[in-house]
């Protein structure tokens, strides 16, 4: 009997997902993108997450199979070990604050007899920081394996981060911020997350009197790529903010490379000059992953294979 796992890369706007086989490989035609519904009620979000699990199970074509687990790359703050969300004041998943997602999802799924018949005896639901899973996947399938020490930065609705040395995540050590998270570090008039994020870019655009339909960073990036001087300035200033944030961490952690992931990171060509103009250590390699979600999925599979089932 073949076994499968389901991976979700959760963002404020979209949830990306794939089914992975027992070898940790993405099953063909299982990759899908769904709306996150992150601003809806708790009931609607939970209902949506359950629906997505069942939707992905339907993509498995085997006649006889079992699901070993579901893994989530979830933004923080989050108690990943116990499956409790502490996200608030960031305009996404706020209705899940102090909610035990693992318990709620398990309860809903086990009431569905058809789904229950398809789960393995050791079925589990696991959570981990999205940047950590991206880092683990990059280490296995991306460019990170060629570096001894790497800082990973994922940029989307917030600033995710992970610090890795010799293939292992460093979360609590004197040369990294607590948990390896930079999002809540003081920066300028607030914290990093308010500057290295979608809203950070939109704030810069607003300061330059740029109006963007639907507040889409993609639209702003297209404007910059087409030569709009104000849009190009927005990304340049955004890059400078990134460089300023990174300087202190480069000084203490001394990485060989910095690897960017996340949707906004795909526009690296627009903000890389800003980074280089303010970054103090010019010897650090700066790279960008174009396989952010797929490497995150691989990280989820790795996490599930190592995790102890939580009943």
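Numbering (the numbering used here), first residue to last: 1247 to 1557.
We put the beta carbon where it would ideally sit given N, CA and C, even for glycine.
* Asked: Sorry if obvious, but does the Cβ on residue 1298 come closer than 6 Å to a heavy atom of the ligand SAM?
  -> With respect to the ligand SAM, the structure offers nothing, as it holds no ligand at all.
For residue 1507, which of helix, strand or coil comes out of DSSP?
strand
Leaving aside the five residues before and after residue 1490 along the sequence, list all residues of the same chain whose C-beta is less than 7 Å from its C-beta, in chain order.
-> 1524
Worksheet entry | beta strand (DSSP E) segment containing residue 1522, residue limits | Looking at the DSSP string, residue 1522 is not in any beta strand (DSSP E); the run it does join, the alpha helix (DSSP H), is 1514-1524.
**Prompt:** Between residue 1324 and residue 1256, is the Cβ-Cβ spacing less than 7 Å?
**Reply:** no
*Taking C-alpha atoms, which residue in 1394, 1343, 1338 lies nearest to residue 1331?*
1343
In the DSSP output, what is residue 1365 paired with across the bridge? 1313
Beta-ladder partner(s) of residue 1249, from DSSP = 1312
Review point. From this set, 1357, 1408, 1414, 1393, which residue's C-alpha is nearest residue 1530's C-alpha?
Key: 1393
- [ ] Would you mind stating whether residue 1488 and residue 1533 have Cβ atoms separated by less than 7 Å?
- [x] no
### Query
residue 1473: buried (16+ other C-beta within 10 angstroms of its C-beta) or exposed?
exposed
Task: Cβ shell of residue 1544 (< 7 Å), same chain only, five flanking positions each side left out - done: 1270, 1383, 1386, 1387
Short Cβ contact (7 Å threshold) for residue 1369 with residue 1317: no
- Using alpha carbons as the reference points, say which of 1526, 1507, 1358, 1289 lies closest to residue 1500. 1526
Going by alpha carbons, who is nearest to residue 1308 out of 1288, 1458, 1268?
1268
Exercise. Candidates 1482, 1549, 1348, 1447: which alpha carbon is nearest residue 1415's?
Worked result: 1549
I believe residue 1364 touches residue 1312 by the beta-carbon criterion, under 8 Å. Please report the beta-carbon distance rounded to the nearest angstrom. 6 Å
| field | Segment contact, 8 Å Cβ cut-off, at least three pairs: the segment 1453-1463 with the segment 1342-1358 | value | no
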